[in-house]
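Here is the structure we will look at, set down as structure tokens.
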Amino acid sequence: MKLKSLYFLLLLVLASCGSTKNISNLENASAKEVISSHKAASPDFKTLAGRVQLVYETDEKSQSITVSLRMEKDKNIWIKASILGITIAKVLITPTSVSYYETIGNTYFEGDFALLGEWIGTPINFQQAQNMLLGQSIFTLNPSEYSAAVFQNKFKVQPKQQPQNFIHSLFLNPDNFKVASETLSQPKDDRLLSIRYGDYQKIENQFYPSTILIDTSEKGSKTKIEINYKKIDLNVDVSFPFDIPAGYEEIQLN
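Just so you know, the sequence shown maps onto residues -21 to -1, 1 to 233 in mature numbering (1 follows the signal peptide of the UniProt record, and there is no 0).
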């Protein structure tokens, strides 16, 4: 047997052990099969509670923060950020709004996803934020519009025709069909979003990220975010307490 054939046989065995849907020939897998397997790999849960270590770095500052993360899938993302056990900020994200307050400057924000876009460094909505935290593609993948091929031990998925000023590429792990990396480039706007994932952890027979590295740049301004999941509990009782303290000043975005 040729070395190349042996290699793809090994990938096939890994894929059949690690995913809910087997693809009979990885080398010749269609975009429909790959995208279908990626969608099937989306975690199925009602609630999630996690403890996260987050490092946030911009051109002006670098900060390490302990984060309590709670999710009600497709409904709520709740974040409490702390330093040395002291709460410094809370965030509540729903499909229609973002609410936030921070205790150091006594400021708050209530509105659309503009603030979330400022933090990440690129525009983003609720579903994209949820997908990013779970290792799923931030863009909807239509098999009729995307191609798939094996490249450097991964599935490379990209649009058959890249829209003007919009270059999207996605790499999926062949063993679990979760995102290995995803990039979006908008050259005319000098904007780049890069998301890379480390190893995935298996919890209740589903795959969740262990580490997420997010790099964004826009017109020379760079943001780096490193997310390390320390603990994830599924389908537990969670609440989303969020009350803006009296006397806080509202943030106005330009």
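The beta carbon of each residue, even a glycine, is placed where N, CA and C say it ideally should be.
Note that the structure is predicted; figures quoted are calculated from it, not measured.
Strand pairing of residue i, partner residues [DSSP]
i	result
phenylalanine 150	Lys135, Ser160
isoleucine 65	Ile62
alanine 93	None, per the DSSP bridge assignment.
alanine 28	Arg49, Asp212
aspartate 194	Ser173, Lys203
tyrosine 80	Lys69, Tyr87
serine 41	Glu36
lysine 54	Looking at the DSSP assignment, lysine 54 forms no beta bridge with any residue, so it has no partner.
serine 126	Gln137
glutamate 183	According to DSSP, which records beta bridges pairwise, glutamate 183 is partnered with nothing at all.
glutamate 229	Tyr87
Pairwise C-alpha distance: residue j and residue i
i	j	result
glutamate 124	lysine 59	39 angstroms
serine 160	leucine 232	31 angstroms
residue 301	asparagine 207	Here the chain comprises residues numbered -21 to 233, so residue 301 is not present and cannot be evaluated.
serine 76	leucine 27	20 angstroms
glutamine 137	leucine 192	21 angstroms
isoleucine 2	lysine 18	Any reading at isoleucine 2 is ruled out, since the residue's pLDDT is 49, under 50, leaving its predicted position unreliable.
phenylalanine 186	glycine 226	43 angstroms
tyrosine 176	proline 188	7 angstroms
arginine 170	glutamine 141	16 angstroms
threonine 86	aspartate 194	26 angstroms
isoleucine 103	valine 217	25 angstroms
glutamine 115	isoleucine 182	16 angstroms
glycine 29	aspartate 178	17 angstroms
alanine 8	serine 16	11 angstroms
alanine 20	asparagine 184	10 angstroms
isoleucine 89	asparagine 214	For the record, residue 89 in the displayed sequence is glutamate; it is not isoleucine. Each residue's Cα considered, the two are about 28 angstroms apart.
tryptophan 98	serine 196	12 angstroms
phenylalanine 219	arginine 49	8 angstroms
serine 126	aspartate 91	33 angstroms
glutamate 229	lysine 139	44 angstroms
From the options, residue whose alpha carbon lies closest to that of residue i
i	options	result
isoleucine 83	Leu71, Ala93, Ile62	Ile62
lysine 11	Ile211, Lys135, Gln180	Lys135
glutamine 106	Ile56, Ala128, Pro153, Asp23	Ile56
leucine 95	Ser116, Ile72, Ile117	Ile72
isoleucine 174	Ser218, Ser15, Val129, Glu205	Glu205
glutamine 143	Ala128, Ser164, Gln131, Lys210	Ser164
glutamine 42	Asp53, Ile67, Leu48, Ala20	Ile67
asparagine 121	Ile230, Asp91, Ser9, Ile14	Ile14
residue 243	Lys203, Phe150, Tyr79, Leu113	Coverage of the chain is limited to positions -21 through 233, which leaves residue 243 absent and any answer about it impossible.
residue 306	Val129, Lys139, Thr101	There is no way to answer for residue 306, as the model of the chain reaches only from -21 to 233.
lysine 52	Phe24, Ser78, Thr45	Phe24
glycine 199	Lys209, Asp168, Thr190, Phe221	Asp168
Any chain D beta carbon closer than 8 angstroms to residue i
i	result
leucine 171	Although the question refers to chain D, the structure presented lacks it and comprises just one protein chain.
>> Check whether the segment 151 to 159 and the segment 30 to 37 are in contact - that is, three or more C-beta pairs closer than 8 angstroms.
In response: no
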